[in-house]
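According to full-length UniProt numbering, the stretch in the sequence shown is residues 1 to 299, in order.
The structure under discussion appears below in the form of structure tokens.
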Amino acid sequence: MLSLRTLTRSAPRVARGLTNAAIKTATRPSLLQTAFPASRLQCASAFSTSSIRAKSAAPESDAELVEKLASEIQMEEEMKEHEELPTSVKDYMENGPFEILDTPGQEEVVLTRSFGDEKNPQTNLHLTHIIRVSFSIADLNAYDPDSDEFQDRAMSDEDPNIDPADPSELDPETPSDAEGESHGFPARVNIIVEKKGKGALAIETVAEDGMIVIDNVYYYADAAHAYAKTTEAVHQRQDMYVGPPYGNLDEDLQVLMERYLDERGINQALAIFVPDYIDMKEQKEYLRWLKNVKGFVEA
1 MLSLRTLTRS APRVARGLTN AAIKTATRPS LLQTAFPASR LQCASAFSTS
51 SIRAKSAAPE SDAELVEKLA SEIQMEEEMK EHEELPTSVK DYMENGPFEI
101 LDTPGQEEVV LTRSFGDEKN PQTNLHLTHI IRVSFSIADL NAYDPDSDEF
151 QDRAMSDEDP NIDPADPSEL DPETPSDAEG ESHGFPARVN IIVEKKGKGA
201 LAIETVAEDG MIVIDNVYYY ADAAHAYAKT TEAVHQRQDM YVGPPYGNLD
251 EDLQVLMERY LDERGINQAL AIFVPDYIDM KEQKEYLRWL KNVKGFVEA
């Protein structure tokens with residue numbers, strides 16, 4: 001669910017862009033003006049004290065920028081005071097099976113857990129899964145709500161029995177937003193399931209509308225390849241065969257793969273938690289960014 005703060009914050013950006021463009025146009029010098037008088041003026045004032053004052057005093061624009069940043073910070077903090085922690089986030093943090101690693105200043109959030117003490121019937125050994133789930137606030141910043149609306153309406157055009165003016169008819173199984181239910185935004189969730197000495201599964205999914213949708217399932221004999229982030233490591237795994245397109249798999253196999261994840265906590269509760277947590281973290285990071293920029297300009 002997108003917070004009111006996120007929606008209201010994005011609205012003025014377009015207006016500010018238009019205003020800045022108008023100001024730049026108004027202040028741009030005319031082509032009929034000659035640069036000679038300006039050059040002569042600079043030469044005449046080269047030994048004046050104005051250059052010394054310019055170095056010691058901050059430009060007027062700095063003060064205006066600091067004032068605007070302070071205003072934005074105040075608005076964000078006032079909104080924060082009147083907002084409560086989303087129920088989905090609170091419940092999951094208190095009762096969820098994962099440990100949450102959220103580093104201030106970083107876009108990525110990581111959830112980790114160990115799962116089971118399963119006995120391998122062939123080796124008679126006990127194996128513990130290490131599960132890592134990660135997602136990023138970058139998905140919220142890149143989200144374009146109009147694109148989904150366009151797709152829904154385009155699909156409705158193909159069915160003459162659907163009225164595009166009635167959102168409830170776009171998906172008969174999904175309550176409309178008019179009933180007060182928000183479906184948030186699609187968030188990518190990357191999952192790594194590792195067994196010591198047995199490699200790892202890297203599973204790409206999307207959390208949307210309270211569901212975890214699997215996009216791809218990869219297997220790596222060397223678990224290190226599943227965690228690869230450096231250019232060299234990514235290059236090493238490019239030529240590996242890690243699995244077929246997920247959509248080409250037998251439907252029963254896809255259902256069993258979904259059940260495999262569900263039993264390990266990759267379920268509806270997580271699908272609801274992720275978008276709400278992303279929204280909450282983005283607000284915190286935006287406020288931190290405002291304060292950091294203000295402190296830098298003032299320094």
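No residue lacks a Cβ here, since even glycine has one placed at the ideal position from N, Cα and C.
- For residue 216, the secondary structure class from DSSP, reduced to helix, strand or coil, is strand.
- Taking 9 Å as the cut-off, the beta carbon of residue 265 is found closer than this to the beta carbon of residue 115.
- CA-to-CA, the gap between residue 277 and residue 240 works out to about 34 Å.
- Within the model, the alpha-carbon separation for residue 235 versus residue 245 is close to 20 Å.
- Our two residues, residue 209 and residue 140, have alpha carbons roughly 15 Å apart in a direct line.
- Inside the region 207 to 269, DSSP marks whole beta strand (DSSP E) runs of 3 or more residues at positions 211 to 220, from first to last along the chain.
- Closest by C-alpha distance to residue 290, out of 68, 60, 258, is 68.
- With respect to the C-alpha of residue 109, the residue from 293, 273, 299 having the closest C-alpha is 273.
- Cα atoms of residue 88 and residue 60: separation of roughly 46 Å, rounded to the nearest angstrom.
- The three-state secondary structure of residue 295, taken from DSSP, is helix.
- Taking each of 267, 113, 90, 242 in turn and checking the Cα distance to residue 225, the smallest one comes out for 242.
- Non-local beta-carbon contacts of residue 72 in its own chain, meaning distances under 7 Å to residues more than five positions away in sequence, involve 290 in chain order.
- Taking C-beta separations shorter than 6 Å and ignoring five residues to either side along the sequence, the partners of residue 132 in its chain run 112, 192, following chain order.
- Counting along the chain, the unbroken alpha helix (DSSP H) around residue 81 starts and ends at 60 to 81.
- With contacts defined by Cβ atoms closer than 9 Å, residue 212 and residue 270 form a contacting pair.
- If you look at residue 198, you'll find it isn't in any beta strand (DSSP E); DSSP assigns it neither H nor E.
- Taking residue 263 as reference, the option from 86, 97, 91 with the minimal CA-CA separation is 97.
- Within the same chain, and ignoring the five residues on either side of residue 298 in sequence, the residues whose Cβ sits closer than 7 Å to its Cβ are 66.
- Secondary structure at residue 103: coil, using DSSP grouped into helix, strand and coil.
- Annotation for residue 91: the continuous alpha helix (DSSP H) segment containing it runs 87 to 95.
- C-alpha of residue 292 to C-alpha of residue 285: approximately 10 Å in a straight line.
- Of the candidates 142, 237, 80, 77, the residue whose Cα lies closest to the Cα of residue 107 is 142.
- As a beta-bridge residue in DSSP terms, residue 190 pairs with 134, 204.
- Spanning the alpha carbons of residue 227 and residue 63 requires a straight line of approximately 45 Å.
- If you draw a 10 Å sphere on the C-beta of residue 282, you find 16 or more other C-beta atoms in it, and that means buried.
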